[in-house]
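Single-structure report; data block below.
There are 2 protein chains.
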Amino acid sequence: MTGHRNETHPEATPAPAPADVALKLEEFLPYRLNVAAGLVSQALALVYADRHRFSLPEWRVLVTLGQFGMMTAKAIGAHSHMHKTKVSRAVALLERRKLVTRRANRADLREAFLSLTPAGRDVYGELAPAALAFAGQLMDAVDSADRPALDRALTRLTERAAQLAPEFANTNGDR
Amino acid sequence: MTGHRNETHPEATPAPAPADVALKLEEFLPYRLNVAAGLVSQALALVYADRHRFSLPEWRVLVTLGQFGMMTAKAIGAHSHMHKTKVSRAVALLERRKLVTRRANRADLREAFLSLTPAGRDVYGELAPAALAFAGQLMDAVDSADRPALDRALTRLTERAAQLAPEFANTNGDR
DNA sequence: TATTGTTATACTCTATAACTATA
DNA sequence: TATAGTTATAGAGTATAACAATA
């Protein structure tokens, strides 16, 4: 895929020299996404860093269970883009902290139904509004006219990247 | 965008007991950014995974030097959002591979001017177009009418997240 | 004393595979 | 044989601080 031709820009290039399409890191989309996601994660960590200290996988499990109420580990992984080993370990940690509980599925003993304990729901009820407020603070920085486009763009980029990414027909989600 | 009241579930639902929390992971901006950035990075890795195998810090140093020609490690870190230790190690690896060379600054012997070797420029000249083509493939997935908004939104989000993130008045950039 | 850059250390994550128990 | 989930292992990546050399 070492394409050279510059056919990927349908709209007219404002640049005077069409031949010289320079790679500028600060304009390079993967870099910008990485920096943005990293800073956002770092800032978000403050929301649940003081009282509780959750890893990102734990946070995702907590939120997913808070959202859906009860589901299997596999379903959690599918919904939160996490490999089954990540889910397994995150669930184990949350169980140890009495925030998640499991109930065997008598129809299929390989899996179990996971859900938040009352304590888990308390934590979720405390963190979810804070997380939403945080996302609101972020979104407030974006011009309201640009928000629908951002939403669409993120969806398309994720789809496309998933197509281009390696091993996506695997057992579970990724990384 | 902190959606509040959510009365869309009149029927008895077993799950969310506390305040009607409308936190949906799949709509949560930090999560979406994380997933998008992760998949994009994974896909991008294919661009420089076969021949050369660069870590992300190495890739950033290479691109930054390719873009600016010659600069100090500190300047590289500032431009590519990397801590000095990351830059130091990435540069050391690239030097070992004869892709980067250093020249002492006789006006200040603490620092050195780094630049790509001819071999480094060859690699850059090979990878940069591939990277641009990759970014083009990504961008092609986004409706062209949405691209300027995406650009603005990413800038604003990064700014805001940097404000909200911890310890950003530090010595250097972050992670 | 402050700054550039390097190194050491410990720690967190992660991927991968191997394994279990069920189906 | 296939699937849900767990555990083992090893490797990569990271942050932090301590350090050396120079200013």
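Those sequence lines, one after another, are chains A and B. Residue numbering for the first sequence follows my numbering, beginning at 1 and increasing consecutively. Residue numbering for the second sequence follows my numbering, beginning at 1001 and increasing consecutively. Glycine included, every Cβ here is placed at the ideal spot set by N, Cα and C.
Under a 10 Å Cβ-count criterion, R103 (chain A) is classified as exposed, with fewer than 16 other Cβ atoms of the shown protein chains found around its own Cβ.
Listed along chain B are V1142, D1143 and D1146, each with a C-beta nearer than 8 Å to that of R152 (chain A).
As for any alpha helix (DSSP H) of minimum length 4 sitting wholly inside the segment 128-168 of chain A, the runs are 147-164, ordered along the chain. Taking the C-beta atoms as reference points, M1139 (chain B) is found nearer than 9 Å to R1147 (chain B). In this structure the segment 115-123 of chain A does not lie against the segment 1062-1081 of chain B, because fewer than three pairs of beta carbons, one per stretch, are closer than 8 Å.
The segment 1046-1119 of chain B is shown to contain whole alpha helix (DSSP H) runs of 4 or more residues at 1056-1068, 1073-1080 and 1084-1096, in chain order.
Of the residues assessed, T1085 (chain B) falls on the exposed side of the cut-off, its CB having fewer than 16 other CB atoms within 10 angstroms. In this structure, A162 (chain A) keeps its C-beta atom at 9 Å or more from the C-beta atom of V47 (chain A). Residue contact with chain A for M1070 (chain B): absent (no Cβ-Cβ distance below 9 Å to any residue of chain A). When rounded, the separation of the alpha-carbon atoms in A1045 (chain B) and A107 (chain A) is 42 Å. Between A133 (chain A) and R1156 (chain B), the CB-CB gap reaches or exceeds 9 Å. Using a CB distance below 9 Å, the part of the segment 29-55 of chain A facing chain B consists of L29, P30, Y31, R32, L33, N34, V35, A36, A37, G38, L39, V40, S41, Q42, A43, L44, A45, L46 and A49, ordered along the chain. Note that the C-beta distance between A1090 (chain B) and V1061 (chain B) is below 9 Å. Around the C-beta of L1150 (chain B), 16 or more other C-beta atoms lie within 10 Å, and the residue is accordingly described as buried.
Between A135 (chain A) and L1029 (chain B), the gap from beta carbon to beta carbon is short of 9 Å. Around L1025 (chain B), the same chain offers Y1031 as residues with beta carbons nearer than 7 Å, after the five sequence neighbours per side are excluded. Nearest to V1123 (chain B) by C-alpha distance, out of B:L1109, B:A1037 and B:F1054, is B:F1054. Interface criterion met: the Cβ of L23 (chain A) is under 9 Å from a Cβ in chain B. Distance from L1033 (chain B) to E1058 (chain B) at the Cβ level is roughly 24 Å; contact not present, criterion being Cβ atoms closer than 8 Å. DSSP, read as helix, strand or coil, puts L1044 (chain B) in helix. The beta-carbon of G1120 (chain B) is placed no less than 9 Å from the nearest beta-carbon of chain A. Less than 9 Å divides the Cβ of L1023 (chain B) from the Cβ of P129 (chain A). Between L99 (chain A) and the set A:L65, A:R160, A:V35 and A:A49, the nearest pair of CA atoms involves A:L65.
One Cα belongs to S41 (chain A), the other to M1071 (chain B), and the distance between them is close to 30 Å.
The Cβ of H1083 (chain B) sits no closer than 9 Å to any Cβ of chain A. Annotated as proximal: H52 (chain A) and L127 (chain A), with beta-carbon spacing under 9 Å. Taking 9 Å as the CB threshold, V100 (chain A) stays off the interface with chain B.
Between the alpha carbons of T1158 (chain B) and V1087 (chain B) lies a distance of about 21 Å.
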